[in-house]
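Residues in the sequence shown are numbered from 379 upward in steps of one, following the numbering used here.
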Amino acid sequence: MSERKNLTNLLLFIVTAELTGALSALLSGGFSDFYAQMKEPPLLPPSWLFPVVWTVLYALMGFSAYLVYSSDKDSGCLKIYAAQLAVNFIWTIIFFRFRALWLSFAVIILLWILILAMIRCFYKIRKSAGLLNIPYLLWVSFAAYLTLSIAVLNS
């Protein structure tokens, strides 16, 4: 591929991931209202930290997906990537807009499983693509703890 085409594809992957997160946040309604009303679990970070972390994670996701795409050895990995991105998208809406805390916990467990499958698949194709998603898996592990804790404390 030409250098220009590579750059275009890279930007498309990153922008798609970032827009997925932004649209999900937009459709989720008011985060601050929910945070003000809920009983907080131990270790809950300040609300301003979440968009910062997610912006970095979406960029890493997009970049890693681009690495797999550009390897020409996809073997279904990008389908797993798309599936986890879709589940990630709906988790935010289920948790914040609908405040379906227990359902959102089930969804985040599914997300965690899909991320792990994506990492394994990406790693087989290009090690760096898999490793770039380790922070994502760790953050979603922490988010699963928060989701469960919030569900327990606020049910």
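All residues carry an ideal CB built from backbone N, CA and C; glycine is no exception.
Exercise. Which residues mark the beginning and the end of the alpha helix (DSSP H) in which E396 is found?
Worked result: 381-405
Exercise. Quick one, which of M416, F474, S482 has its alpha-carbon nearest V596's?
Worked result: Because the chain spans 379 through 533 in this model, residue 596 falls outside it and cannot be assessed.
Exercise. Taking the alpha-carbon positions, what's the V430 to D450 distance?
Worked result: 32 Å
Exercise. A484 by DSSP, collapsed to three states: which one?
Worked result: helix
Problem set entry | Neighbour-count burial assignment, S442, 16 or more Cβ in a 10 Å radius | buried
Exercise. Under the three-state reduction of DSSP, which class applies to D411: helix, strand or coil?
Worked result: helix
Exercise. In the region 462-510, which residue ranges form an unbroken alpha helix (DSSP H) of at least 4 residues, counting only runs that do not cross its ends?
Worked result: 479-503, 505-509
Exercise. Going by C-alpha distance, which of L456, I497, W469 is nearest I512?
Worked result: I497
Exercise. Nearest CA to the CA of W469: which residue from L456, F412, A484?
Worked result: A484
For this session: Thinking N387 and Y447 are a contact (beta carbons under 8 Å), I'd like their distance in whole angstroms, please.
Result: 7 Å
For this session: Within the same chain, show all residues whose beta-carbon is closer than 6 Å to that of A478, passing over the 5 residues directly before and after it, in chain order.
Result: I472
Problem set entry | Chain-order list of residues whose beta-carbon lies under 7 Å from that of F520 (same chain, five-residue window excluded) | none
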